[in-house]
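Quick note, the sequence shown lines up with residues 1 to 343 if you use full-length UniProt numbering.
Glycine is no exception: its CB is placed at the ideal position from the N, C-alpha and C atoms.
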Amino acid sequence: MTKDRLAALVAAQSDDDDVGPDDVSVNVEGRDGFMDAFFAEVEEIREMIDKIQANVEEVKKKHSAILSAPQSDEKTKQELEDLMADIKKTANKVRAKLKVIEQSIEQEEQTNKSSADLRIRKTQHSTLSRKFVEVMTEYNRTQTDYRERCKGRIQRQLEITGRQTTNEELEEMLEQGNPAVFTQGIIMETQQAKQTLADIEARHADIIKLENSIRELHDMFMDMAMLVENQGEMIDRIEYHVEHAVDYVQTATQDTKKALKYQSKARRVSCSFIYYKSTVFFSLLISFCFLSLLIYKTVYLAFPLCLFLCQNPSAFGCFFCTTVMNFLTGRLTLCAFCHCVLY
Numbered sequence: 001m002t003k004d005r006l007a008a009l010v011a012a013q014s015d016d017d018d019v020g021p022d023d024v025s026v027n028v029e030g031r032d033g034f035m036d037a038f039f040a041e042v043e044e045i046r047e048m049i050d051k052i053q054a055n056v057e058e059v060k061k062k063h064s065a066i067l068s069a070p071q072s073d074e075k076t077k078q079e080l081e082d083l084m085a086d087i088k089k090t091a092n093k094v095r096a097k098l099k100v101i102e103q104s105i106e107q108e109e110q111t112n113k114s115s116a117d118l119r120i121r122k123t124q125h126s127t128l129s130r131k132f133v134e135v136m137t138e139y140n141r142t143q144t145d146y147r148e149r150c151k152g153r154i155q156r157q158l159e160i161t162g163r164q165t166t167n168e169e170l171e172e173m174l175e176q177g178n179p180a181v182f183t184q185g186i187i188m189e190t191q192q193a194k195q196t197l198a199d200i201e202a203r204h205a206d207i208i209k210l211e212n213s214i215r216e217l218h219d220m221f222m223d224m225a226m227l228v229e230n231q232g233e234m235i236d237r238i239e240y241h242v243e244h245a246v247d248y249v250q251t252a253t254q255d256t257k258k259a260l261k262y263q264s265k266a267r268r269v270s271c272s273f274i275y276y277k278s279t280v281f282f283s284l285l286i287s288f289c290f291l292s293l294l295i296y297k298t299v300y301l302a303f304p305l306c307l308f309l310c311q312n313p314s315a316f317g318c319f320f321c322t323t324v325m326n327f328l329t330g331r332l333t334l335c336a337f338c339h340c341v342l343y
């Protein structure tokens, strides 16, 4: 629910005059709350689907226990019926919740098709629907497998009593729904024969219950299967983009490693270049200093020439002293011979 913040904003403006008119506060609490509720609903649906999946695994165990028992165990059968009833109840809840989400998505598509929240909800709804259909498909496969195993056991029991039946004949007997068709023409002379016939009738009753259960879930199963089939193209596109996104991330990671490698090489080349420039600079500096020292010594050894030039200033004056000595000493110097100031 959006809160009225007008009074608080007016009070804040009176307390602080430096706040400009361009300072705006946007409240997104309502939308965030809506998505939080949606994700909570998604988590609840996911937990119910996981519960159905766990119950399906328990149903498989009960089927194996019933078929391996020499005699019919009523307790195990009751536990099996309870599991099947719980699966049916939970599946109906999941279907109803998915329907509500589907309707809300259809309504929002009419007003805002490009909403990011809408895309998230459609993706979550598609994922949950596909998971639900996968679990219910496994449940249907479990029931069908149990029916075939029960039918095979009935056929073996009939063979024990001396009655040979084909698969087609057995299917016709099962479709009649009357257990008496299995005992026609069979003389129950021994207790073993009676037990065999009782087992046949029990398996037939199990098959009838299975068929009723499959029939009850058929409409729901087909409805969700059609929904997932219609959403298949969108889900495939999502998976395609996700897979390619992973490829892009891997490629980007490799490119980043290459860039770091090239950067390291560039740094080494830069350091080598700087070292080379420094070496050349210091070499030139040392050479210049050595040459300067050599010239300096040569000038002082050439004082007789300086004396000659100073005593004959008409031609050169003290040009030699001024040029060479001032360049080498870098300070004011008084020539010892001609008393000229050397700059």
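Contact belief for Ile160 with Leu170 at Cβ below 8 Å, rounded distance in angstroms: As a first step, residue 160 is located in the sequence shown; it is residue number 160 there, counting from the start. As a first step, residue 170 is located in the sequence shown; it is residue number 170 there, counting from the start. A Cβ-Cβ separation of about 15 Å leaves Ile160 out of contact with Leu170 under the 8 Å criterion.
Test item: CB-CB of Lys62 and Glu79 under 8 Å: If you number the sequence shown from 1, residue 62 lands on position 62. If you number the sequence shown from 1, residue 79 lands on position 79. With contacts defined by Cβ atoms closer than 8 Å, Lys62 and Glu79 form a contacting pair.
Distance CB(Lys88)-CB(Leu217) smaller than 8 Å: Here residue 88 is taken as the residue at index 88 of the sequence shown, counted from 1. Here residue 217 is taken as the residue at index 217 of the sequence shown, counted from 1. Yes, the pair counts as a contact, with Cβ atoms nearer than the cut-off.
Spatial neighbours of Leu158 in its chain, beta-carbon cut-off 6 Å, leaving aside the 5 residues before and after: For the purposes of this step, residue 158 is identified with residue 158 of the sequence shown, where counting begins at 1. The residues are Thr165.
Val135 beta carbon less than 8 Å from that of Ile49: Indexing the sequence shown from 1 puts residue 49 at position 49. Indexing the sequence shown from 1 puts residue 135 at position 135. A contact, by the Cβ cut-off of 8 Å.
Gln110 versus Met35: straight-line alpha-carbon distance, rounded: For the purposes of this step, residue 110 is identified with residue 110 of the sequence shown, where counting begins at 1. For the purposes of this step, residue 35 is identified with residue 35 of the sequence shown, where counting begins at 1. Distance between the alpha carbons of Gln110 and Met35 is about 19 Å.
Nearest residue (CA-CA) to Asn212, options Ala85, Pro70, Glu74: Position 212 of the sequence shown holds residue 212. Ranking the options by Cα distance to Asn212, first place goes to Ala85.
Residues of its chain near Gln53, where Cβ-Cβ distance is below 8 Å and the 5 sequence neighbours each way are ignored: Here residue 53 corresponds to residue number 53 of the sequence shown, with the count starting at 1. Val135, Glu138.
Sequence-distant residues of its chain with Cβ nearer than 8 Å to Ala65 (five each side left out): Along the sequence shown, one-based indexing puts residue 65 at 65. Only Asp73, Thr76 meet the Cβ criterion.
Continuous alpha helix (DSSP H) stretch holding Ala69: start and end: Along the sequence shown, one-based indexing puts residue 69 at 69. Unbroken run through Ala69: none, as it is neither H nor E.
Continuous alpha helix (DSSP H) stretch holding Asp86: start and end: Taking the first residue of the sequence shown as position 1, residue 86 is located at position 86. Unbroken alpha helix (DSSP H) run through Asp86: 74–109.
Residue environment, Asp206, which counts as buried when at least 16 other CB atoms sit within 10 Å: Start at 1 with the first residue of the sequence shown, and residue 206 comes out as number 206. Answer is buried; the Cβ neighbour count reaches 16.
DSSP-derived helix/strand/coil call for Arg163: Within the sequence shown, numbered from 1, the residue matching residue 163 stands at position 163. For Arg163, the secondary structure class from DSSP, reduced to helix, strand or coil, is coil.
Secondary structure of Asn112, DSSP reduced to three states: To locate residue 112, count along the sequence shown from 1; it is residue 112. Annotated three-state conformation of Asn112 is coil, per DSSP.
Classification of Asn55 by the beta-carbon crowding that lies within 10 angstroms, buried from 16 upward: The count along the sequence shown starts at 1 and reaches residue 55 at position 55. Taking all protein chains in view, the Cβ of Asn55 is crowded by 16 or more other Cβ atoms within 10 Å, so the residue is classified as buried.
Among Val42, Ala37, Ile105, nearest to Phe132 - alpha-carbon criterion: Working through the sequence shown from its first residue, we reach residue 132 at position 132. It is Val42 whose Cα lies nearest to the Cα of Phe132.
Same chain, Cβ closer than 6 Å to Arg149, neighbours up to 5 away in sequence not counted: For the purposes of this step, residue 149 is identified with residue 149 of the sequence shown, where counting begins at 1. Cβ neighbours of Arg149 within its own chain (closer than 6 Å, five residues either side excluded): Leu67.
Exposed unless 16 or more other CB atoms sit within 10 angstroms - verdict on Arg141: Position 141 of the sequence shown holds residue 141. Exposed, by the Cβ-count rule.
Among Arg46, Arg147, Gln71, the one whose alpha carbon lies nearest that of Ser129: For the purposes of this step, residue 129 is taken as the residue at position 129 of the sequence shown. Relative to Ser129, the option among Arg46, Arg147, Gln71 whose CA is nearest is Arg46.
Burial state of Gln71 (16 or more Cβ within 10 Å): Your numbering for residue 71 matches position 71 in the sequence shown. Gln71 is exposed by the Cβ-count criterion.
Rounded separation between Phe39 and Met222 - CA only: For the purposes of this step, residue 39 is taken as residue 39 along the sequence shown, with counting starting at 1. For the purposes of this step, residue 222 is taken as residue 222 along the sequence shown, with counting starting at 1. So the two alpha carbons sit approximately 26 Å from each other.
Gly162 to Gln143 span [Cα, whole Å]: Numbered from its first residue, the sequence shown carries residue 162 at position 162. Numbered from its first residue, the sequence shown carries residue 143 at position 143. Here the alpha carbon of Gly162 sits roughly 29 Å from the alpha carbon of Gln143.
Whole-angstrom distance between Glu81 and Asp117, CA atom to CA atom: Position 117 of the sequence shown, counted from the first residue, corresponds to residue 117. Position 81 of the sequence shown, counted from the first residue, corresponds to residue 81. Cα to Cα, the separation comes out at about 41 Å.
Val59 burial status per 10 Å Cβ neighbour count (16 or more: buried): On the sequence shown, residue 59 is found 59 positions in, with the first residue counted as 1. Classification of Val59: buried, given that the 10 Å Cβ count is 16 or more.
Exposed unless 16 or more other CB atoms sit within 10 angstroms - verdict on Ser114: On the sequence shown, position 114 is the one that residue 114 refers to. Of the residues assessed, Ser114 falls on the exposed side of the cut-off, its CB having fewer than 16 other CB atoms within 10 angstroms.
C-alpha gap between Arg119 and Arg95, whole angstroms: The count along the sequence shown starts at 1 and reaches residue 119 at position 119. The count along the sequence shown starts at 1 and reaches residue 95 at position 95. Rounded to the nearest angstrom, the two C-alpha atoms are 21 Å apart.
Assigned secondary structure, Lys131 (DSSP; H/G/I helix, E/B strand, else coil): Counted from its first residue, the sequence shown places residue 131 at position 131. When DSSP states are grouped into helix, strand and coil, Lys131 belongs to the helix group.
Residue environment, Asn122, which counts as buried when at least 16 other CB atoms sit within 10 Å: Here residue 122 is taken as the residue at index 122 of the sequence shown, counted from 1. According to the sequence displayed, residue 122 carries Lys and not Asn. Lys122 is classed as buried because its beta carbon has at least 16 other beta carbons within 10 Å across all chains shown.
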